[in-house]
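Chains as they are written, first to last, in our numbering: chain L, 3 to 445; chain E, 3 to 445.
Okay, here's the thing in structure tokens:
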């Protein structure tokens, strides 16, 4: 009887082991990413999970010089001698003098988009149509490795802060934040909805675990086709109980962001370097009231008509202002108008026209909405009625308040949007692995 | 200008700090879980995120003896003296002699289900109808804390093994594994589907990152209402490239399970103890071919008619057999019949009637299906045709093979189902926070 031990006997070494194997014959596995034929020898660039390894294929080392199976995108096992080489900047680099190439699998066609160059040079729509191939380009895949780092940082930091990770249902009996912009689903003859936010569930879990977070897809049936909206995206949400003020939530987010940026700089350095990302330094994040921010905008910008919310150019201006005044890439704007925030937002007891809420601007663009929530049953029912909502339709949600909830609040952070702004993209689709928009559900 | 530093100034201490504060006056925050009135004093049990803290409320320490606001499910801040008390088993325990109770919020009704007893004693359907309340019971919430541990262990182990965490779209243009059992969605007038598996996406990402995993909801429109099916559940999937044999996948899973079980025993000990979970010890996992396992079943069990698959009683028998013969709670069954596995499964080159696939049985119940996938384009197209599928409908999927894919394979593991079997539940709904079945989409 065969027994499975849990240990894989690797016959190959990773690139990180090259430095300990100079002068030795080793094997590596990877995709043949690029072949640069130099007539009497060739460079074969092998793509592994995070590196490109330069291998030299020459009659001096090997007899396999003109093997027709050695083509780009073939999967291969290469055996050869590790040698140290100098780079122009003097840093250490290692390469493999190939003795033997074993082809593990072969493509049957040449990719429709060139992926072996430094970057993909085609229209975004062509890139997206060919995602299974274009993501193989090192710069393309680096985007989503960094995205992994962002969500990993969010999770790791909150775990150290006593949060519990939860998974809440995406098939919902009612839209979380009103009935607009939700996708309808036929569920065994019943009409149900796809979650546009875990809001009501994460609040329900505050009396259970005090602090919870979720990283999961949400779905928004927005009919407009813009450069910053997706119809499905990954929402990073947290909700925390027993807060003493809504500042606690902003502090938690500041801690999260500091942790993420540090993680990116350390464990994601290869990708950060490759994409030349300027990772923001965070010391403290300044904080301004909506009213005061609006006054600043009115003073500096022309043609401001909407006094209840910001236009994108106002957010951009505030971003620059925070950078100039406080050398901060981030700015919290607080106390948004009550009529502009969802029904579960806590009004400021000192001025019920405004709320204990905030947005976070990153380089002049909103990446978070958050705030304190109503925890008192009577207050929530009254607020719903004032907004023309029927509390009976929210009976399950209101169990939270009816049977006791601590003061609490939280926020949501769109993963693709944060990635987009960190990497300086103009279009959120660049930061979505397989974006869904009004015209695209494939691949 | 206020500056947010990222540090929350806590006025309260967690229970873990009690041992360092004996004889000192401290504050704690939590829900009043249970009040046991002993006539001349009362025990107030305070529920925090993971503990129940015993507090003593007596005229000796405080004037607040008969405060009508002090009710079960109120959120409170309690201040008092930390004292050490002995438990019957001699272990250390600490309690709080209450000086003052500040009520932070109050419920307006008594919960419809008693949650302050050791366990919830009501029908499962009543429990599920009242989830926002019943989850507050320490045994109920412990289930999902353990569930957090399982998915966390899956993630942490794979991260150490060079895997990249990915998020693939849940709105799909085609059902991953054929057109049955998928939910249809109206997407701006187009008919699209909810993902029943990340299969095709995770395979597409193997040539990108070599090793990927995803923990995310999947949706299955199964019309039957059984104790082991959910219509939405969390699937833990991984896929790994450059495997030398499909045994590599079983080894990776064995490593994952060892790590998870160890994590549960250490970091989730309070919940493991509370629910009296017998965490399996894993040394090695035995491995038997489907054909040989079937022979064992035929010898020992009566009335076996289906020779192509297992009935639940056969799996149960095999589970007992593995326990008796190898003292293992787990058993890999390999080489399932080709006609019983999905189109992307690699046939055994030595016997094309069977596949390089496996199921993992845990205590006699299947928790994983996995195996090696076809990576060669011509082989996959031919297999599709043989199965009556139209390769043209899978053009995007086949980009993976057409443009080169290494030998690879992977598996899927249902989070709720693993939780269910680990905890010994008869019904998977007990292991789903907000289960979705043919009759339930609420709360």
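Even for Gly, the Cβ is constructed at its ideal location relative to N, Cα and C.
With DSSP as the reference, please indicate the residues paired to residue i in a beta bridge.
| i | result |
| --- | --- |
| residue 234 of chain L | L/221 |
| residue 318 of chain E | Answer is none; residue 318 of chain E lacks a bridge partner. |
| residue 368 of chain E | E/363 |
| residue 122 of chain L | DSSP, once it has assigned bridges, lists no residue as partnering residue 122 of chain L. |
| residue 95 of chain L | L/87 |
| residue 426 of chain E | DSSP output for residue 426 of chain E lists no bridge partner at all. |
Does residue i have its Cβ less than 8 Å from a Cβ in chain L?
| i | result |
| --- | --- |
| residue 75 of chain E | yes |
| residue 15 of chain E | no |
| residue 137 of chain E | yes |
| residue 106 of chain E | yes |
| residue 346 of chain E | no |
| residue 9 of chain E | yes |
| residue 253 of chain E | yes |
| residue 369 of chain E | no |
| residue 268 of chain E | no |
| residue 372 of chain E | no |
| residue 194 of chain E | yes |
| residue 321 of chain E | no |
| residue 283 of chain E | no |
Confirm, please, whether the CB-CB distance from residue j to residue i is below 8 Å.
| i | j | result |
| --- | --- | --- |
| residue 369 of chain E | residue 362 of chain E | yes |
| residue 53 of chain E | residue 17 of chain E | yes |
| residue 287 of chain E | residue 5 of chain L | yes |
| residue 80 of chain E | residue 118 of chain E | no |
| residue 333 of chain L | residue 320 of chain L | yes |
| residue 75 of chain L | residue 203 of chain E | no |
| residue 423 of chain L | residue 364 of chain L | yes |
| residue 402 of chain L | residue 205 of chain L | yes |
| residue 305 of chain E | residue 439 of chain E | no |
| residue 97 of chain L | residue 58 of chain L | yes |
| residue 8 of chain L | residue 257 of chain E | yes |
| residue 144 of chain L | residue 103 of chain L | no |
Which whole-angstrom value describes the C-beta separation of residue i and residue j, a residue pair presumed to lie in contact below a C-beta threshold of 8 Å?
| i | j | result |
| --- | --- | --- |
| residue 72 of chain L | residue 34 of chain L | 7 Å |
| residue 100 of chain L | residue 157 of chain L | 41 Å between Cβ atoms; not a contact. |
| residue 372 of chain E | residue 261 of chain E | Actually they do not touch by this definition, with Cβ atoms about 17 Å apart. |
| residue 367 of chain L | residue 317 of chain L | 6 Å |
| residue 107 of chain E | residue 378 of chain L | 6 Å |
Compute the Euclidean distance between the alpha carbons of residue i and residue j, then round it to the nearest angstrom.
| i | j | result |
| --- | --- | --- |
| residue 15 of chain E | residue 176 of chain L | 38 Å |
| residue 360 of chain E | residue 215 of chain E | 18 Å |
| residue 281 of chain E | residue 263 of chain E | 6 Å |
| residue 238 of chain E | residue 13 of chain L | 28 Å |
| residue 187 of chain E | residue 399 of chain E | 21 Å |
| residue 338 of chain L | residue 413 of chain L | 14 Å |
| residue 417 of chain E | residue 236 of chain E | 6 Å |
| residue 419 of chain E | residue 407 of chain E | 31 Å |
| residue 254 of chain E | residue 221 of chain E | 26 Å |
| residue 374 of chain L | residue 397 of chain L | 21 Å |
| residue 129 of chain E | residue 110 of chain E | 20 Å |
| residue 228 of chain L | residue 430 of chain L | 9 Å |
| residue 311 of chain E | residue 211 of chain L | 42 Å |
| residue 140 of chain L | residue 173 of chain E | 26 Å |
| residue 335 of chain L | residue 149 of chain L | 25 Å |
| residue 349 of chain E | residue 42 of chain L | 42 Å |
| residue 433 of chain L | residue 207 of chain L | 30 Å |
| residue 309 of chain E | residue 201 of chain E | 27 Å |
| residue 225 of chain L | residue 193 of chain E | 16 Å |
| residue 62 of chain E | residue 88 of chain E | 20 Å |
| residue 290 of chain E | residue 161 of chain E | 29 Å |
| residue 70 of chain E | residue 293 of chain L | 41 Å |
Is there a C-beta anywhere in chain C that falls below 8 Å from the one on residue i?
| i | result |
| --- | --- |
| residue 389 of chain L | In the displayed structure, chain C is absent; the protein chains listed are L and E. |
Got a sec: is the Cβ-Cβ distance from residue i to anything in chain E below 8 Å?
| i | result |
| --- | --- |
| residue 318 of chain L | no |
| residue 250 of chain L | yes |
| residue 209 of chain L | yes |
| residue 57 of chain L | no |
| residue 402 of chain L | yes |
| residue 187 of chain L | yes |
| residue 272 of chain L | no |
| residue 172 of chain L | yes |
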